[in-house]
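J.:
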């Protein structure tokens, strides 16, 4: 995922203000925040600290500015990563700043006022960030986005590589799934067929991740069988067939069924997933010749209306105009 994760403009407060408030730093925190079970996880946190041991007072207008010192620092931290301490790239207090965070596959690239890039290896995927918090000795904070384009941010962003765009294997839902909606996916079995095909209904995630988000519903397709599952709070929870959805306990002597069939490399398939109610779906997988999988009684433990993304993994999608189609 390459692209601008965050760009903001603001003003660092003066040394006088910091001294009076006893707060000589400000933080920008990108969080993964979800309403199901997990505590918020720190995707990326930047803590800019300023030394107040020496500052200069302009006797004419009594403005106080910070004189840069070695013990001013920038602390960078993230879940699963070691903290990194470097010299604070903001040279003084009482100045306007433009903060840009641009992501690449393995790194966050951090720039202040268009200056040298600070590289920091990501611990969590950039797409996990869905909440931003700014606090401390900074004011007049404005965020750049499609509806509020900030001039200084825009000038920096225009010099960057092309922004990330959703692939045809990922669909952002513009409204909640509702009863009688039908998700239709047409594709071809890959050659070689050595990876499980999966259709994922996701909450707070772009794809299945052990730590991030929830898989409301998952259809898994292998060469020999197909089955369904759900994932939440770090565990595969199955469906109401195997779990007591009220308390999350496993029902004794139950397993999720993987229904047998036979698929070949290069074979065309059509997948239909129909919303029967807020907690129930039916599913059909067809080849040109036959229906190879049909399940009309899939009752889930996570409401389908919590689905934010539908993601297809390891299937060669053949429809270009509507690769993941929702028929209402």
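In UniProt numbering, the protein residues as written are 1 to 328.
Virtual Cβ for every residue (Gly too), placed ideally from N, Cα, C.
Excluding the five sequence neighbours on either side, which residues of its own chain have a C-beta within less than 6 Å of the C-beta of residue 144, listed in chain order?
T.: Reading the chain shown from its first residue, position 144 is the one you call residue 144. The answer, listed in chain order, is 7, 150, 153.
J.: How many Å lie between residue 43 and residue 137 at the Cα?
T.: Within the chain shown, residue 43 is the residue found at index 43, counting from 1. Within the chain shown, residue 137 is the residue found at index 137, counting from 1. C-alpha separation (whole angstroms): 22 Å.
J.: Residues in the same chain with beta-carbon distance under 7 Å from residue 61, minus the five sequence neighbours each way, listed in chain order, please.
T.: Your numbering for residue 61 matches position 61 in the chain shown. Per-residue confidence for residue 61 stands at a pLDDT of 48, beneath the threshold of 50, marking its modelled position as unreliable; the derived number appears in the next sentence. Once the five neighbours on either side are set aside, residue 61 has no close Cβ partner at all.
J.: Taking only the alpha-carbon atoms, compute the straight-line gap between residue 241 and residue 183 and give it to the nearest angstrom.
T.: Here residue 241 refers to the residue found at position 241 of the chain shown. Here residue 183 refers to the residue found at position 183 of the chain shown. Their Cα atoms are separated by approximately 23 Å.
J.: Ignoring anything shorter than 3 residues or poking outside the segment 80 to 144, list the beta strand (DSSP E) runs there in chain order.
T.: 84 to 87, 96 to 103, 107 to 112, 118 to 121, 131 to 136, 138 to 143, all fully within the segment 80 to 144.
J.: With a threshold of 7 Å on Cβ separation, who are the neighbours of residue 104 within its own chain once the five nearest residues in sequence on each side are excluded?
T.: For the purposes of this step, residue 104 is taken as the residue at position 104 of the chain shown. Correct list, in chain order: 2.
J.: Contact between the segment 185 to 193 and the segment 201 to 211 is defined here as three or more beta-carbon pairs at a separation below 8 Å; is this criterion met?
T.: Verdict: no, contact absent.
J.: Please list, in chain order, all residues of the same chain as residue 307 whose beta carbon is under 8 Å from its beta carbon, the five residues on each side excluded.
T.: Position 307 of the chain shown, counting from 1, holds the residue named residue 307. Around residue 307: 173, 176, 177, 201, 202, 203, 216, 217.
J.: Please go through the same chain and pick out, in chain order, the residues whose beta-carbon is closer than 6 Å to the beta-carbon of residue 181, but skip the five residues on each side of it.
T.: As a first step, residue 181 is located in the chain shown; it is residue number 181 there, counting from the start. Answer for residue 181: 275, 326, 328, listed in chain order.
J.: Taking residue 81 and residue 106 to be in contact with their CB atoms under 8 Å, please state how far apart those CB atoms are, rounded to whole angstroms.
T.: In the chain shown, residue 81 corresponds to position 81, counting from 1. In the chain shown, residue 106 corresponds to position 106, counting from 1. At roughly 12 Å, the Cβ-Cβ gap does not stay under 8 Å, so residue 81 and residue 106 are not in contact.
J.: For a test of the three-state rule: what should DSSP assign to residue 399, helix, strand or coil?
T.: The structure shown does not extend to residue 399, since the chain spans only 1 to 328, so no value can be given for it.
J.: Whole-angstrom Cβ separation of residue 113 and residue 97, contact assumed at under 8 Å?
T.: Along the chain shown, one-based indexing puts residue 113 at 113. Along the chain shown, one-based indexing puts residue 97 at 97. That pair is a contact at about 6 Å.
J.: Can the beta-carbon of residue 239 be found less than 8 Å from the beta-carbon of residue 301?
T.: Start at 1 with the first residue of the chain shown, and residue 239 comes out as number 239. Start at 1 with the first residue of the chain shown, and residue 301 comes out as number 301. Result yes, Cβ atoms of residue 239 and residue 301 sit closer than 8 Å.
J.: Could you pull out every residue in the same chain whose Cβ sits closer than 6 Å to the Cβ of residue 258, ignoring the five residues on either side in sequence?
T.: Working through the chain shown from its first residue, we reach residue 258 at position 258. The answer, listed in chain order, is 225, 227.
J.: What are the boundary residues of the beta strand (DSSP E) that includes residue 153?
T.: One-based indexing of the chain shown puts residue 153 at position 153. Taken as a continuous stretch (DSSP letters only), residue 153 belongs to no beta strand (DSSP E), being part of the alpha helix (DSSP H) at 151 to 157.
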